[in-house]
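Read through the structure below, which is laid out as structure tokens, and then see the notes.
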Ligand SMILES: C[S@@+](CC[C@H](N)C(=O)[O-])C[C@H]1O[C@@H](n2cnc3c(N)ncnc32)[C@H](O)[C@@H]1O
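Numbering (my numbering), first residue to last: 663 to 971.
Structure, rendered in structure tokens:
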């Protein structure tokens, strides 16, 4: 796949061999714009609205209510869709926010949507979607949040206002460190493209980007196995999300969102102190999702101060 996709770039740049192309990328004055083309060409942007609905339901029923509780004082919520492709994921989250919690209309809710592919981001900013991307969208939502008919639907202004698109390479540590105080991070179906070492680094950045007890959602078939045990797994309806355990005593307590949730062994996990046998037995029961430590404390500017569009 990589070879056939790269061949397109060889043709476009009049390079005869992969080595020629490699040298072009390293030394040609037009390398910056070619790198952008290369990223557009090799990334897989498969996505859709309401993809893996159980996870979206988890956001609706568990994650968002908890965040609202935690942020009652500031009335400010920050959500990050990392590897957002052409915007279907962040716009889905925006629909859930508006649909389920009208009270949030008076809050400051922003969804940061980042991706490596400028082409995908451009499509997200345009916000025009066809039947394939929209196949899981209930007709009532289609009517309420989009304009258009049959072939092409355009996302409405209310959702557009909530979602800020910005280019970001997840392996760019400097820029990753600039993102702080997130309540929720969605990074679904992206980590599969990295080796274990890079995954560890990226997950550590996500950990640092989240506030204490912030929530982290990865793809349905992905896991944090062998990557980072500072995130605690929380099971919900056959899916698992993670929350950040911080350093302070408060940050180490079990969030109220966990109340009523049961571990894989069927035992309630809510009253257990973070390091108690109960919670440990819960975490080991989902041991395939947890692994050795990756830890760091970093600082930087918040993404808001960067003036992204
Ligand atoms: C399969 S899509 C997933 C989209 C969405 N999260 C979902 O689950 O529907 C993977 C996205 O990750 C992006 N991606 C791949 N490598 C990346 C990187 N190094 N930094 C940022 N985004 C990246 C791709 O451009 C693509 O849009």
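Glycine included, each C-beta is placed from N, C-alpha and C at the ideal position.
Bear in mind the structure is a predicted one, so any value in this text is a computation, not a measurement.
DSSP state of residue i mapped onto helix, strand, coil
| i | result |
| --- | --- |
| residue 786 | helix |
| residue 826 | strand |
| residue 796 | coil |
| residue 687 | helix |
| residue 917 | coil |
| residue 811 | strand |
| residue 907 | coil |
| residue 650 | Coverage of the chain is limited to positions 663 through 971, which leaves residue 650 absent and any answer about it impossible. |
| residue 877 | strand |
| residue 779 | coil |
| residue 748 | coil |
| residue 740 | strand |
| residue 834 | coil |
| residue 674 | helix |
| residue 844 | strand |
| residue 679 | coil |
| residue 894 | strand |
| residue 821 | helix |
| residue 770 | strand |
| residue 886 | coil |
Closest Cα partner of residue i within the set the options
| i | options | result |
| --- | --- | --- |
| residue 798 | 853, 773, 754 | 754 |
| residue 847 | 762, 908, 807, 721 | 721 |
| residue 771 | 816, 858, 822 | 822 |
| residue 916 | 667, 766, 732 | 732 |
| residue 748 | 909, 813, 879, 826 | 826 |
| residue 785 | 814, 885, 740 | 814 |
| residue 867 | 806, 882, 830 | 830 |
| residue 802 | 819, 871, 734, 761 | 761 |
| residue 828 | 820, 752, 769 | 752 |
Rounded Cβ spacing between residue i and residue j (contact assumed at less than 8 Å)
| i | j | result |
| --- | --- | --- |
| residue 860 | residue 833 | 6 Å |
| residue 894 | residue 905 | 5 Å |
| residue 844 | residue 873 | 7 Å |
| residue 730 | residue 763 | 7 Å |
| residue 766 | residue 759 | 6 Å |
| residue 703 | residue 737 | In fact, because the Cβ distance is near 42 Å, the residues do not count as touching under 8 Å. |
| residue 877 | residue 856 | Not a contact, Cβ separation roughly 21 Å. |
| residue 707 | residue 782 | 5 Å |
| residue 908 | residue 858 | Not really, about 25 Å apart at Cβ, beyond 8 Å. |
Neighbourhood of residue i by C-beta, 6 Å cutoff - its chain only, sequence neighbours within 5 removed
| i | result |
| --- | --- |
| residue 683 | 672, 677 |
| residue 901 | 716, 717, 720 |
| residue 701 | 778, 779 |
| residue 742 | 774, 844, 847 |
Spatial neighbours of residue i in its chain, beta-carbon cut-off 8 Å, leaving aside the 5 residues before and after
| i | result |
| --- | --- |
| residue 674 | 699 |
| residue 693 | 686, 687 |
| residue 794 | 710 |
| residue 745 | 776, 777, 778, 832, 849, 850, 851, 852 |
| residue 712 | 718, 754, 798, 799 |
| residue 884 | 850, 851, 853, 854 |
| residue 664 | 704 |
Beta-carbon contacts of residue i that lie in its chain and below 7 Å, excluding the five residues immediately before and after
| i | result |
| --- | --- |
| residue 669 | none |
| residue 816 | 789, 790, 808, 809, 810 |
| residue 962 | Only weak support is given to the placement of residue 962: the predicted model assigns it a pLDDT of 30, under 50, and the question is left unresolved by the model. |
| residue 792 | 813, 814 |
| residue 697 | 687 |
| residue 1050 | In the structure displayed, the chain extends from 663 to 971; residue 1050 sits before or after that span and is not available. |
| residue 796 | 711, 804, 815 |
| residue 882 | 714, 717, 901 |
Contact with chain D by residue i, beta-carbon distance below 7 Å
| i | result |
| --- | --- |
| residue 824 | Included in the structure is just one protein chain, with no chain D present. |
(message) Please give the ranges of any beta strand (DSSP E) in the segment 691-729, keeping only runs that are unbroken, at least 3 residues long and fully inside the region.
(response) none
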